[in-house]
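Here the protein sequences line up with chains R and V, keeping their order.
First residue of the first sequence? That's 414 in my numbering, and the numbers climb one at a time after it.
First residue of the second sequence? That's 34 in my numbering, and the numbers climb one at a time after it.
Even for Gly, the Cβ is constructed at its ideal location relative to N, Cα and C.
Bear in mind the structure is a predicted one, so any value in this text is a computation, not a measurement.
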Amino acid sequence: MDPIQKKILHEVADLDALPVGAYNIRANGKSAARNTTANIDIITKEDKSGIDIIIKPNTVNESVHIPVIISETGLTELVYNDFYVGENSDVVIIAGCGIHNCGNGDSAHDGIHTFYVGKNAKVKYVEKHYGEGEGRGKRLMNPTTVIHLEDGAQMTMQASQIAGIDDTLRNTKAYLGSGAKLEINESVMTTGVQNAVSEFTADMNGENCSCNIVSRTVARDNSTQHFTSRLNGNNVCSGHTECDSIIMDKASVLATPELQANSTEASLIHEAAIGKIAGEQLIKLMTLGLTEAQAEEQIISGFLK
Amino acid sequence: MLELQNINYEIDGKTILKDINLVIKDHFVAITGPNGSGKSTLAKIIAGIAAPTSGRIILDGEDITDLSITERANKGISYAFQQPVRFKGLTVKDLMRLSAGKDTPYSQLCEMLNEVGLQSKNYINRSLDASLSGGELKRIEIAMIFARSSKLSLFDEPEAGIDLWSFQKLIGIFEKMVETTKGNVIIISHQERILNIADKIIYLKDGAVEQYDTRDNILPGLLDSVTKE
Numbered sequence: 414m415d416p417i418q419k420k421i422l423h424e425v426a427d428l429d430a431l432p433v434g435a436y437n438i439r440a441n442g443k444s445a446a447r448n449t450t451a452n453i454d455i456i457t458k459e460d461k462s463g464i465d466i467i468i469k470p471n472t473v474n475e476s477v478h479i480p481v482i483i484s485e486t487g488l489t490e491l492v493y494n495d496f497y498v499g500e501n502s503d504v505v506i507i508a509g510c511g512i513h514n515c516g517n518g519d520s521a522h523d524g525i526h527t528f529y530v531g532k533n534a535k536v537k538y539v540e541k542h543y544g545e546g547e548g549r550g551k552r553l554m555n556p557t558t559v560i561h562l563e564d565g566a567q568m569t570m571q572a573s574q575i576a577g578i579d580d581t582l583r584n585t586k587a588y589l590g591s592g593a594k595l596e597i598n599e600s601v602m603t604t605g606v607q608n609a610v611s612e613f614t615a616d617m618n619g620e621n622c623s624c625n626i627v628s629r630t631v632a633r634d635n636s637t638q639h640f641t642s643r644l645n646g647n648n649v650c651s652g653h654t655e656c657d658s659i660i661m662d663k664a665s666v667l668a669t670p671e672l673q674a675n676s677t678e679a680s681l682i683h684e685a686a687i688g689k690i691a692g693e694q695l696i697k698l699m700t701l702g703l704t705e706a707q708a709e710e711q712i713i714s715g716f717l718k
Numbered sequence: 034m035l036e037l038q039n040i041n042y043e044i045d046g047k048t049i050l051k052d053i054n055l056v057i058k059d060h061f062v063a064i065t066g067p068n069g070s071g072k073s074t075l076a077k078i079i080a081g082i083a084a085p086t087s088g089r090i091i092l093d094g095e096d097i098t099d100l101s102i103t104e105r106a107n108k109g110i111s112y113a114f115q116q117p118v119r120f121k122g123l124t125v126k127d128l129m130r131l132s133a134g135k136d137t138p139y140s141q142l143c144e145m146l147n148e149v150g151l152q153s154k155n156y157i158n159r160s161l162d163a164s165l166s167g168g169e170l171k172r173i174e175i176a177m178i179f180a181r182s183s184k185l186s187l188f189d190e191p192e193a194g195i196d197l198w199s200f201q202k203l204i205g206i207f208e209k210m211v212e213t214t215k216g217n218v219i220i221i222s223h224q225e226r227i228l229n230i231a232d233k234i235i236y237l238k239d240g241a242v243e244q245y246d247t248r249d250n251i252l253p254g255l256l257d258s259v260t261k262e
């Protein structure tokens with residue numbers, strides 16, 4: 414792996430060396446390294462690009478890293494990764510994609526991740542997107558995540574995109590069984606003329622399932638963002654969605670939370686707030702000795718944390 | 034030592050402060066007076082949040098009238114807001130560290146929170162958002178000023194919203210601050226128990242200094258008028 418690839422790997426997966434546990438590192442469209450464990454198998458798909466990650470039932474305290482690195486300009490790929498998480502497992506899955514584009518061709522990674530989370534299994538899923546490079550070619554990412562939670566399954570998803578992605582369309586769909594629990598935290602910052610679109614849909618089908626989708630975004634310069642969060646309450650369930658944005662410069666932010674209750678027992682709440690950084694927040698930090706620019710950075714990094 | 038020379042402040046054609054002249058040398062100085070008398074405005078002018086229409090502000094012999102909020106903070110002015118600010122995402126620890134300096138040990142930050150009557154383990158990682166009550170925020174605000182330990186500390190009604198926490202502890206903090214900084218603590222307050230520890234009291238009325246004298250000379254007459262307001 415060359416120094417650029419190593420740096421990207423650090424940005425998206427906090428990895429400076431090969432991780433412990435199962436992993437599959439994909440670099441410029443090819444598998445660069447892979448490890449499996451007694452409980453976690455990784456198999457290359459034969460009919461299309463991508464892998465199957467198969468986690469045996471009752472696997473606890475194990476992790477899977479599947480970072481993707483693109484450092485070739487003009488490389489575009491569509492990858493299907495399917496995760497089968499066995500019953501009663503408790504695992505951490507760390508995905509992430511970094512693009513370094515120093516050329517003039519657009520580089521793009523479209524990842525379609527499908528999770529089949531078995532009964533009473535727990536998954537923490539972390540996904541980080543990052544782009545860099547001086548070239549005129551765009552850095553594009555369109556992640557699709559499909560989540561199937563069986564009865565009693567729980568998933569926490571943390572998705573972040575803090576820098577360098579020109580265009581992104583994030584599509585997340587979830588189907589919740591009885592007693593299933595889904596928690597999604599998204600943080601996004603756009604700058605320049607970047608555009609980010611996020612669409613979340615959760616079908617809350619099972620009895621007593623719950624879902625919480627929280628999006629925090631910062632839009633700077635001339636960037637644009639559109640956030641949609643749709644909760645469908647089809648049973649006794651509780652759902653909450655919140656989108657909170659800081660808008661700066663000449664950016665534009667559209668937030669459209671949507672709630673649909675198909676049961677009298679569904680309890681659904683949405684909150685949405687868009688606004689600039691409050692002047693009193695800046696003043697408070699300045700009275701602690703920060704300059705206005707430092708105060709702004711502090712507020713933004715705390716907000717997106 | 035802080036000196037205010039001929040400070041006037043007008044906004045929208047309305048006079049808020051009229052020709053304020055003060056020399057503040059004592060460790061504890063309380064500013065009191067009726068609502069709307071200009072107390073908070075005066076504090077904001079000292080901290081640099083509002084600019085006087087005319088007049089000069091001198092800190093330890095240096096004219097700081099044209100310095101920004103940040104520059105004044107770095108010269109040793111701290112200001113505890115009457116209404117503490119909430120931040121989504123920033124934690125108590127983040128703000129305590131910004132106040133105390135980034136190298137301050139974690140244990141010391143915890144001690145400072147304990148000083149203001151907050152069990153540090155229950156608060157240090159909390160976000161300064163709507164989940165905290167007004168009283169909790171107020172104590173954190175005081176802890177931040179305590180952590181800064183600067184030579185001039187301004188408190189705007191520090192006792193407001195603090196119900197159960199003993200005044201004795203609050204006063205203990207002011208005393209500790211003076212002990213370590215040998216500086217000045219200026220407290221805007223209506224509370225007799227706070228006025229009672231002041232070396233000097235400034236009584237503001239209608240934007241002007243009506244009285245400025247030692248506690249013993251001023252307090253007996255004042256208490257009546259303050260409680261009436």
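Would you say residue i and residue j are within 9 Å of each other, going by their C-beta atoms?
i                 : j                 : result
Thr614 of chain R : Ala572 of chain R : no
Asp127 of chain V : Gln711 of chain R : yes
Tyr538 of chain R : Ile578 of chain R : no
Ser502 of chain R : Val536 of chain R : yes
Asp59 of chain V  : Asp246 of chain V : no
Val601 of chain R : Thr569 of chain R : no
Asp634 of chain R : Ala664 of chain R : yes
Glu208 of chain V : Ala113 of chain V : no
Thr654 of chain R : Leu667 of chain R : no
Leu397 of chain R : Ala521 of chain R : No answer is possible for residue 397 of chain R: the residues shown for chain R start at 414 and end at 718.
Ile219 of chain V : Ile57 of chain V  : yes
Ile102 of chain V : Thr700 of chain R : yes
Asn625 of chain R : Cys650 of chain R : no
Thr457 of chain R : Gly546 of chain R : no
Do you know whose CA, among the options, lies nearest residue i's CA?
i                 : options                                : result
Glu500 of chain R : R:Ala691, R:Ser651, R:Asn608, R:Ala566 : R:Ala566
His223 of chain V : V:Ser87, V:Ile64, V:Leu128             : V:Ile64
Thr603 of chain R : R:Pro432, R:Asn474, R:His542           : R:His542
Gly544 of chain R : R:Ala685, R:Ile660, R:Gly509, R:Met661 : R:Gly509
Leu85 of chain V  : V:Asn39, V:Asp232, V:Val242, V:Ser186  : Sequence check: residue 85 of chain V is Pro here, not Leu. Measuring from the Cα of Pro85 of chain V, the nearest candidate turns out to be V:Asn39.
Ala440 of chain R : R:Asn471, R:Lys551, R:His513, R:Asn452 : R:His513
Asn584 of chain R : R:Leu488, R:Val473, R:Glu612           : R:Glu612
Thr450 of chain R : R:Ile438, R:Gly434, R:Ile464, R:Asp427 : R:Gly434
Val627 of chain R : R:Val601, R:Cys656, R:Ser651, R:Glu620 : R:Cys656
Ile687 of chain R : R:Asn635, R:Ile659, R:Lys469, R:Ala632 : R:Ile659
Ile49 of chain V  : V:Glu148, V:Gln115, V:Thr213, V:Gly71  : V:Gly71
Arg643 of chain R : R:Ser651, R:Thr669, R:Asp662           : R:Thr669
Ala593 of chain R : R:Asn533, R:Asn608, R:Gly646           : R:Asn533
Gly150 of chain V : V:Phe179, V:Arg226, V:Asp52            : V:Phe179
Leu255 of chain V : V:Tyr236, V:Ala241, V:Phe61            : V:Tyr236
Ala691 of chain R : V:Phe120, V:Leu37, V:Leu100            : V:Phe120
For residue i, which three-state DSSP category applies?
i                 : result
Val649 of chain R : coil
Gly688 of chain R : strand
Pro748 of chain R : Residue 748 of chain R is absent from the structure shown; chain R starts at 414 and stops at 718.
Phe716 of chain R : helix
Val125 of chain V : helix
Gln268 of chain V : The question about residue 268 of chain V has no answer, for chain V in this structure spans 34 to 262.
Ala84 of chain V  : coil
Pro470 of chain R : coil
Leu142 of chain V : helix
Glu655 of chain R : strand
Ile227 of chain V : helix
Ile157 of chain V : coil
Pro253 of chain V : helix
Thr103 of chain V : helix
His60 of chain V  : coil
Asn147 of chain V : helix
Ser111 of chain V : strand
Ser642 of chain R : strand
Met34 of chain V  : coil
What do you reckon, is the C-beta of residue i under 8 Å from a heavy atom of the ligand ZN?
i                 : result
Gly511 of chain R : With respect to small molecules bound, the structure shown includes none, and the ligand ZN cannot be examined in it.
Check: What beta strand (DSSP E) runs, 3 residues minimum, are completely inside the region 563-625 of chain R?
Finding: 567-576, 580-589, 594-603, 608-617
Check: Are three or more beta carbon pairs between the region 681-689 of chain R and the region 699-708 of chain R nearer than 8 Å?
Finding: no
Report the start-end ranges of each beta strand (DSSP E) in the region 436-460 of chain R that is 3 residues or longer and not cut off at the edges. 443-448, 453-457
field: Cβ pair count under 8 Å reaching 3, the region 182-194 of chain V against the region 98-111 of chain V
entry: yes
Q.
Quick check for students: name the residue ranges of the beta strand (DSSP E) that lie wholly in the region 159-222 of chain V, counting only runs of 3 or more.
A. 185-189, 217-221
Q. Are at least three pairs of beta-carbons, each pair with one atom in the region 160-171 of chain V and one in the region 136-145 of chain V, less than 8 Å apart?
A. no
Task: Uninterrupted beta strand (DSSP E) stretches inside the region 519-545 of chain R (no shorter than 3 residues) - done: 520-530, 535-545
Worksheet item: Are at least three pairs of beta-carbons, each pair with one atom in the region 522-529 of chain R and one in the region 480-495 of chain R, less than 8 Å apart?
Response: yes
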